[in-house]
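Position 67 of the sequence shown, counting from 1, maps to 67 under our numbering, and the rest follow consecutively.
Yeah, the Cβ is synthetic: ideal placement off N, Cα and C, and Gly gets one too.
A quick write-up on the structure given underneath.
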Amino acid sequence: MLEKKEHNYEKAVLVGVITQNQDEEKLVEYMDELEFLAFTAGATVQKRFTQKLTQPDSKTFIGSGKALEIKEYVKENEIGTVIFDDELSPSQLKNLEREMEVKILDRTNLILDIFAQRAQTSYARTQVELAQYQYLLPRLTRMWTHLERQKGGIGMRGPGETEIETDRRIIRDRITLLKDKLKTIDKQMATQRNNRGKVVRAALVGYTNVGKSTLMNSLSKSEVFAENKLFATLDTTVRKVVIGNLPFLLTDTVGFIRKLPTQLVESFKSTLDEVREADLLIHVVDISHESFEDHIASVNQILMEINAHQKPMIMVFNKIDDFSYEKKDEDDLTPGTKKNISLEEWKKTWMAKSKYPTVFISALTKENFPEMKKLIYDEVMKIHISRFPYNDFLFEYFDNDEEENTN
Numbered sequence: 001m002l003e004k005k006e007h008n009y010e011k012a013v014l015v016g017v018i019t020q021n022q023d024e025e026k027l028v029e030y031m032d033e034l035e036f037l038a039f040t041a042g043a044t045v046q047k048r049f050t051q052k053l054t055q056p057d058s059k060t061f062i063g064s065g066k067a068l069e070i071k072e073y074v075k076e077n078e079i080g081t082v083i084f085d086d087e088l089s090p091s092q093l094k095n096l097e098r099e100m101e102v103k104i105l106d107r108t109n110l111i112l113d114i115f116a117q118r119a120q121t122s123y124a125r126t127q128v129e130l131a132q133y134q135y136l137l138p139r140l141t142r143m144w145t146h147l148e149r150q151k152g153g154i155g156m157r158g159p160g161e162t163e164i165e166t167d168r169r170i171i172r173d174r175i176t177l178l179k180d181k182l183k184t185i186d187k188q189m190a191t192q193r194n195n196r197g198k199v200v201r202a203a204l205v206g207y208t209n210v211g212k213s214t215l216m217n218s219l220s221k222s223e224v225f226a227e228n229k230l231f232a233t234l235d236t237t238v239r240k241v242v243i244g245n246l247p248f249l250l251t252d253t254v255g256f257i258r259k260l261p262t263q264l265v266e267s268f269k270s271t272l273d274e275v276r277e278a279d280l281l282i283h284v285v286d287i288s289h290e291s292f293e294d295h296i297a298s299v300n301q302i303l304m305e306i307n308a309h310q311k312p313m314i315m316v317f318n319k320i321d322d323f324s325y326e327k328k329d330e331d332d333l334t335p336g337t338k339k340n341i342s343l344e345e346w347k348k349t350w351m352a353k354s355k356y357p358t359v360f361i362s363a364l365t366k367e368n369f370p371e372m373k374k375l376i377y378d379e380v381m382k383i384h385i386s387r388f389p390y391n392d393f394l395f396e397y398f399d400n401d402e403e404e405n406t407n
C-alpha cells in the first residue's frame with residue numbers, strides 16, 4: 001500500500017508553459033494555485049519558470065534549453081523538487097529526471113500526494129491508493145530502470161520475467177483487488193443512502209478551499225475538520241440539520257479543482273454519488289477570489305460530467321468579509337477591470353439574472369446567515385412538500401436565531 005507521507009518542508013521550483021490555449025494571465029493564475037498546492041503538500045517555492053511554446057515539447061515538455069536553465073538553477077540552489085503545472089507523459093518524466101537529476105512531479109502527482117496525506121478513513125485511503133496505482137502503472141519504466149535486464153552480465157541472462165514485468169503484474173493485481181474492495185464499499189454506502197429514507201438530502205459542492213466545511217460546522221453545529229488549505233476534506237460527512245422546524249440531511253463533499261486528475265474522478269466515484277443522489281445542491285463560491293467565475297465554471301463542468309447539473313441549486317457566495325476591490329477615481333477614463341467591481345455591483349450583474357436563488361454570506365462571521373437559512377428552508381420545503389403533499393401545514397417557518405443566541 002502507498003502509505004501517507006509526513007512532509008518536512010522541501011525546496012521546490014514551479015514550471016509552466018504559455019500556449020495558444022493558455023495565455024500569460026491564465027498561466028499566472030494556475031501557477032498561483034500550483035504554489036498553494038505545493039505549500040499544502042509541504043514545499044516552499046523558490047522560483048517560477050515559464051516558457052512560451054506553440055505546443056509542449058514531446059521529449060522534455062519545455063524544450064532542452066529551458067530544461068538546462070532549470071537544471072543549473074536547482075543545482076546552484078540545492079533544490080530537490082521541480083513541479084510542472086500540467087500532467088507529464090512517462091517519457092517526459094524519464095527524460096526530465098535524467099536531465100535534471102532531481103525529483104520531478106507534475107500537477108496530478110502533486111494532487112495525489114496531498115490526497116494521500118489528507119485521507120483519514122480506510123475508504124478514502126483505498127480510493128487514493130487506487131488512483132496512485134493507476135497513475136503509477138504506465139510510469140514504472142522510469143522508476144525501475146536500474147532493474148532492467150538489458151544491461152547483460154553475469155546473473156542477468158536466462159528465462160523468466162524481468163523485474164519491471166513482475167512489478168507491473170503485482171500492481172495490476174493490486175488495482176483489481178482495490179476495485180473489488182471499492183465495489184463492496186460502494187454497495188454498503190448505497191445501502192446507507194437507501195436507509196436514510198425519504199428525508200430531503202442537500203449536498204455542499206464547490207471549488208476546494210471555498211469554506212464548505214466551515215459552513216457545514218455552522219449549520220449542523222458539528223466539528224468537521226476545516227483548514228485554510230486545499231483539500232482539507234476528503235471524507236464525505238453527513239449530518240442532520242434542522243432549520244426552523246424542518247429536518248434534512250446535509251453532506252460535505254470533496255472540493256473540486258481545475259485539471260482534476262481523471263484517476264481521482266474514477267476512484268472517488270462513491271463520494272461523487274452523494275452529489276448525484278442529493279435532492280438539492282448548495283454551490284458555495286469564494287467571492288473574495290479574483291477567479292471565482294472560473295471556479296464556478298469548473299464546478300459546473302464536473303457536475304455536468306457526473307450528470308448532476310440539472311438538480312435544484314442554491315448559489316452561496318461566501319467570504320464577503322474578505323472581499324475587496326480597487327475603487328477607480330472619477331477622472332480615471334481607463335477601462336475598468338474585475339478588480340474595480342464592488343460587491344453591490346457584482347450583485348447587479350449576471351447574478352441578478354441567475355436562475356438559481358442567490359445569497360451573499362460570511363461563514364466565519366455568520367453575516368447574512370438568517371437570509372441563507374430562509375433560502376435553504378424554502379428550497380428544502382418545496383422538495384419535502386412534493387414528496388409528502390399532505391403534511392405541508394406542519395412546516396411554517398420561524399426564525400430560531402434568537403433562541404440560539406439566548407442558549
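The residues 203, 205, 311 and 313, in chain order, have a CB closer than 6 Å to that of residue 281 in the same chain once the five nearest residues on each side in sequence are set aside.
Rounded to whole angstroms, residue 89 and residue 184 show a C-alpha spacing of 32 Å. Only exposed fits residue 177, as fewer than 16 other CB atoms lie within 10 angstroms of its CB.
Here the alpha carbons of residue 37 and residue 296 stand approximately 19 Å from one another.
About 7 Å separates the Cβ atoms of residue 83 and residue 15, confirming a contact at the 8 Å cut-off. At the C-beta level, residue 12 and residue 81 come within 8 Å of one another. In the DSSP assignment, residue 34 falls within the unbroken alpha helix (DSSP H) covering 24-41. With a cutoff of 8 Å on beta-carbon distance, residue 291 and residue 318 are scored as not near each other. Here residue 287 is not near residue 373, since their CB atoms are 8 Å or more apart. Boundaries cannot be given for residue 139, as no alpha helix (DSSP H) includes it and DSSP labels it neither H nor E. In the displayed model, residue 132 falls within a helix according to three-state DSSP. The criterion of a C-beta distance shorter than 8 Å is satisfied by residue 137 and residue 171. Runs of the beta strand (DSSP E) lying entirely within the segment 168-210, each at least 3 residues long, are 201-206 in chain order. In the structure shown, the three-state DSSP call for residue 62 is coil.
Distance from the CA of residue 33 to the CA of residue 67, rounded to the nearest whole angstrom, comes to 22 Å. The beta-carbon distance between residue 51 and residue 77, rounded to whole angstroms, is 19 Å. This is too long to meet the 8 Å contact definition.
In the three-state reduction of the DSSP assignment, residue 256 falls in the strand class, which pools E and B.
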